[in-house]
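Numbering (full-length UniProt numbering), first residue to last: 1 to 185. Where a beta carbon is used, it is the ideal one built from N, C-alpha and C, also for glycine.
Printed below as a string of structure tokens:
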């Protein structure tokens with residue numbers, strides 16, 4: 001559980017602390033599944049977690065609590081992906097509908113922790129999301145992407161340095177170290 005909070009606070013300007021007596025706070029509720037409301041609700045904001053929730057899933061839900069929608073629901077998503085509606089489990093369509101909102105002038109992020117994978121909520125083992133860009137893997141629950149970090153920092157109008165693509169900030173804080181096949185822009 002704490003690793004999900006640490007994943008966000010280590011890479012963004014957002015810091016978490018243990019609840020004392022604040023009026024507004026995230027309340028961790030053990031149960032089944034992983035879920036959170038999107039954005040500030042006021043008072044106790046529930047974040048539900050079950051035994052199947054890993055660190056990446058919890059981080060994804062924390063990002064919802066902090067105000068981020070799914071990447072694949074951005075207003076410009078149809079330029080980058082196609083939703084295969086016939087393959088979506090009945091009752092889960094809302095998870096794929098476009099949400100109005102600000103893209104913060106950041107590029108579409110196939111690697112976002114907030115992006116569903118190709119087969120999420122498939123009713124028939126066929127893809128629910130197809131990328132229009134060939135060879136791209138979509139969705140993951142292992143790490144915050146550089147654009148996830150930038151998105152949170154812009155949303156909260158604070159900033160740590162960020163890199164584009166899959167770069168990582170160097171120990172000096174001023175250069176991006178890139179994994180192969182990616183360049184810094």
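Three-state secondary structure assigned by DSSP to residue i
{"i": "residue 68", "result": "coil"}
Burial state of residue i, where buried means 16 or more other Cβ atoms lie within 10 Å
{"i": "residue 34", "result": "buried"}
{"i": "residue 68", "result": "buried"}
{"i": "residue 100", "result": "exposed"}
{"i": "residue 139", "result": "buried"}
{"i": "residue 49", "result": "buried"}
{"i": "residue 23", "result": "exposed"}
{"i": "residue 153", "result": "buried"}
{"i": "residue 7", "result": "buried"}
{"i": "residue 18", "result": "exposed"}
{"i": "residue 15", "result": "exposed"}
{"i": "residue 4", "result": "buried"}
{"i": "residue 44", "result": "exposed"}
{"i": "residue 136", "result": "exposed"}
{"i": "residue 134", "result": "exposed"}
{"i": "residue 61", "result": "buried"}
{"i": "residue 52", "result": "exposed"}
{"i": "residue 146", "result": "buried"}
{"i": "residue 128", "result": "buried"}
{"i": "residue 93", "result": "exposed"}
Short CB-CB distance (under 9 Å) between residue i and chain D
{"i": "residue 41", "result": "Considering every chain present, this structure includes no chain D. It has just one protein chain."}
In chain order, what are the residue ranges of uninterrupted beta strand (DSSP E) at least 3 long that sit wholly in the UniProt domain "Peptidase M12A" (1-159)? 25-30, 44-49, 81-83 and 129-131, all fully within the UniProt domain "Peptidase M12A" (1-159).
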